[in-house]
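First up is the structure itself, then whatever we jot down about it.
Number of protein chains: 2
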Amino acid sequence: MSTVRLGRQPSTSQAELSHIALTLFVEHGFDNTTVDDIASAAGIGRRTFFRYFSSKNDLPWGDFETQLASMRAFLASLPTELPLIDALCMAVIEFNRLPPAEITYHRRRMELLLTVPTLVAHSTLRYAAWRQVVADYAAERMRVPSDSLEPQAIAWAVLGVSLSAYEQWLKELDADLPTLLSSAFEMVRLSFAGASAGAGAGTARAASGASDAGGAANAVGVPDAGGRDGRHAD
Amino acid sequence: MSTVRLGRQPSTSQAELSHIALTLFVEHGFDNTTVDDIASAAGIGRRTFFRYFSSKNDLPWGDFETQLASMRAFLASLPTELPLIDALCMAVIEFNRLPPAEITYHRRRMELLLTVPTLVAHSTLRYAAWRQVVADYAAERMRVPSDSLEPQAIAWAVLGVSLSAYEQWLKELDADLPTLLSSAFEMVRLSFAGASAGAGAGTARAASGASDAGGAANAVGVPDAGGRDGRHAD
DNA sequence: CTTCCATTCGGCACTCGGTGCCATTAGCAT
DNA sequence: ATGCTAATGGCACCGAGTGCCGAATGGAAG
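Chains as they are written, first to last, in this note's numbering: chain D, -17 to 216; chain X, -17 to 216.
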């Protein structure tokens, strides 16, 4: 850290620009707000804007890198006795904990990110970095390369679960994000074990001894369904 | 279907443009190929190009809508006794079955889609439509609204699993896509059931036949883990 | 205070993707 | 030939993003 500031002072900041832009977005819509609008609202030149954000699409994300780093640190601090899936669930929840004052602001931001097509698409690139954090952690826990199938699949699934919960959160004004995330994780745990396939009720665990070795897979509340094996063979 | 063709004949087709473009992409790279290049290579005007594809990013996707429709039909044709997760697994595999002659071509296309940042981002919009198919099916099976948490989470997870398998497929030249998809599904099934959660041990072997993992959902390696609640306190 | 230097600012011109407008061209039917 | 229909493609225009370069700012050294 250098305590001295050399040269001209920056005339604004990422955070300020992000805030100004978000205000304009909710007022006029994302697509109807040009970079020129944002720049002039912030009192800077258009060219300068692109020195603070490399893309208009990055505005709602703010300083994502920092957040990712703290999530990484949080994961690393968890005891290894904690089951992997639970560790990830906790990290996701922790990652989405916000001071109450910011949640309405955060809602607006997420509303944009999950609604505006341009942003939905662009966000994928951020999610990729996020997934890498999850995959790296999972890989270390499982002692396999982080680019191998298992960690990657887990990372994708965890991302999907989180985004599903977010979408639900946006639909209900008074919903609690951590609660939604937690139940989403639980739901998928059961679904992939076969439990939720039955109608509505949590019938599930018909029998671990269902038919065969399939174990988890076949614990489904379904009678038999010889299924999974022979069918998709070529 | 009208047998008569009124007015001027189209001078090319989506498929032809897609093929021409893909050739240029692999030769000069996606970003170094302009729409003008593609249009002139196809012998059409730039303006006309945008009547065949609404975006340069759509080129590698071809007629995705048709494929989606057939996947929807395939799912609808499956017996309801088949466990949900197995049905989805089969549909994904079916969806990715290709005539051997096309796989090298398909490899190039997927290479682009999963590598070029612009395309990675844009593809998200296609994935959303794909996920909707999965979510709709899951929702019907579970008798809940298709925009509720469970089907959405499942759809995300299934997408993630499929993409993970794709990424693996691209890494190994002689890999078999259906096999990878199948084992990816099996892996996640086990992971989410807790089998892979154990501290370090590489229990989580990908799939093959290693599914000796017994009990279903509650086989989770976690004692009971009052954990998830109190731990992440700040 | 003046000079020097580091750093930011911002105008300008340019590329490229994408769109609206509209005259032109190509085919089929009468 | 005439008329209708549908595809074509040129042109002007917009907005995002980039390279270039001179101008402005402010601390430090003289």
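Note that beta-carbon positions come from the ideal geometry of N, C-alpha and C, so glycine has one too. These numbers come from a predicted model, not from an experiment.
Asked: Between the segment 46 to 59 of chain X and chain D, which residues of the former have CB atoms less than 7 Å from a CB of the latter, in chain order?; Found: none
Asked: Does the CB of glycine 212(X) have a neighbour CB from chain D at under 7 Å?; Found: The predicted model places glycine 212(X) with a pLDDT of 33, which falls under 50 and marks its position as unreliable; any figure quoted below should be read in that light. Answer no: the Cβ-Cβ gap between glycine 212(X) and chain D never drops below 7 Å.
Asked: Nearest CA to the CA of threonine -6(X): which residue from Asp13(X), Ala21(X), Arg(-13)(X) and Thr15(X)?; Found: Ala21(X)
Asked: Flag this pair as yes or no: are the beta carbons of serine 128(D) and alanine 139(D) separated by less than 7 Å?; Found: no
Asked: Would you call lysine 38(X) buried or exposed, if buried means 16 or more other Cβ atoms sit within 10 Å of its Cβ?; Found: buried
Asked: Can you give me the start and stop residues for the alpha helix (DSSP H) that glycine 11(D) sits inside?; Found: Glycine 11(D) -> no alpha helix (DSSP H), and no H or E assigned at all.
Asked: Compare the C-beta of histidine 104(X) with all C-beta atoms of chain D and state if any pair is closer than 7 Å.; Found: yes
Asked: Out of Leu94(D), Arg91(D), Tyr87(D) and Val143(D), which one is the CA nearest neighbour of arginine 113(D)?; Found: Val143(D)
Asked: Could you tell me the alpha carbon to alpha carbon distance between arginine 91(X) and aspartate 158(X), rounded to whole angstroms?; Found: 16 Å
Asked: Give the interface partners of serine 146(X) over in chain D, defined as CB-CB distance under 7 Å, in chain order.; Found: Leu131, Gln134, Ala135 and Trp138
Asked: Terminal residues of the continuous alpha helix (DSSP H) containing serine 105(D)?; Found: 99 to 124
Asked: Cutting at 8 Å between CB atoms, please list the residues of its own chain near glutamate 76(D), excluding the five before and the five after it.; Found: Met53 and Phe56
Asked: Alpha helix (DSSP H) containing aspartate 68(D): first to last residue?; Found: 66 to 77
Asked: Would valine 116(D) count as contacting chain X if we go by Cβ distances under 7 Å?; Found: no
Asked: Three-state secondary structure (DSSP) at phenylalanine 35(D)?; Found: coil
Asked: Could you check which residue in Ala137(X), Leu145(X), Pro133(X) and Ile136(X) has the C-alpha nearest to that of alanine 135(D)?; Found: Leu145(X)
Asked: Taking contact to mean at least 3 C-beta pairs separated by less than 8 Å, is the segment 27 to 45 of chain D in contact with the segment 94 to 107 of chain D?; Found: yes
Asked: Answer yes or no: do valine 102(D) and threonine 106(X) have a C-beta to C-beta separation smaller than 7 Å?; Found: yes
Asked: Residues in the same chain with beta-carbon distance under 7 Å from alanine 137(X), minus the five sequence neighbours each way, listed in chain order, please.; Found: Arg113, Val116, Ala117 and Ala120
Asked: Pair every Cβ in the segment 23 to 36 of chain D with every Cβ in the segment 57 to 70 of chain D, then say whether three or more of these pairs are closer than 8 Å.; Found: no
Asked: For a contact defined as C-beta to C-beta under 7 Å, what are the partners of proline 99(X) on chain D?; Found: Leu107
Asked: Leaving aside the five residues before and after phenylalanine 31(X) along the sequence, list all residues of the same chain whose C-beta is less than 8 Å from its C-beta, in chain order.; Found: Leu(-1), Val17, Ile20, Ala21 and Ala24
Asked: Is any beta-carbon of chain X found at less than 7 Å from that of valine 143(D)?; Found: yes
Asked: On a CA-only basis, which of Thr161(D), Ala111(D) and Ala3(D) is nearest glutamine 49(D)? Give me that one, please.; Found: Ala111(D)
Asked: Quick check on the burial criterion: 16 or more other C-beta atoms within 10 angstroms. Buried or exposed for serine 165(X)?; Found: buried
Asked: For a contact meaning CB atoms closer than 8 Å, what does glutamine 150(D) contact in chain X?; Found: Ser130, Leu131 and Gln134
Asked: Hey, quick one: how far does the alpha helix (DSSP H) through glutamate 84(D) stretch, first residue to last?; Found: Neither: glutamate 84(D) is in no alpha helix (DSSP H) and is coded neither H nor E.
Asked: Which term fits histidine 104(X), buried or exposed, when burial requires 16 or more other beta carbons within 10 angstroms of its beta carbon?; Found: buried
Asked: Contact check, tyrosine 109(D) vs leucine 141(D) under 8 Å by CB: the rounded distance?; Found: 6 Å
Asked: For isoleucine 26(D), which three-state DSSP category applies?; Found: coil
Asked: Assuming tryptophan 43(D) is part of the alpha helix (DSSP H), what are its boundary residues?; Found: It is not in any alpha helix (DSSP H) - tryptophan 43(D) carries neither H nor E in the DSSP assignment.
Asked: Rounded to the nearest angstrom, how far is the Cβ of tyrosine 34(X) from that of glutamine -9(X), given a contact under 8 Å?; Found: So it is not a contact: roughly 14 Å between Cβ atoms.
Asked: Based on Cα-Cα distance, which residue from Leu131(X), Leu60(X) and Glu9(X) lies nearest to methionine 169(D)?; Found: Leu131(X)
Asked: Within 7 Å (strictly less), CB to CB, does alanine 166(D) reach chain X?; Found: yes
Asked: Between methionine 169(X) and chain D, is any beta-carbon pair separated by less than 7 Å?; Found: yes
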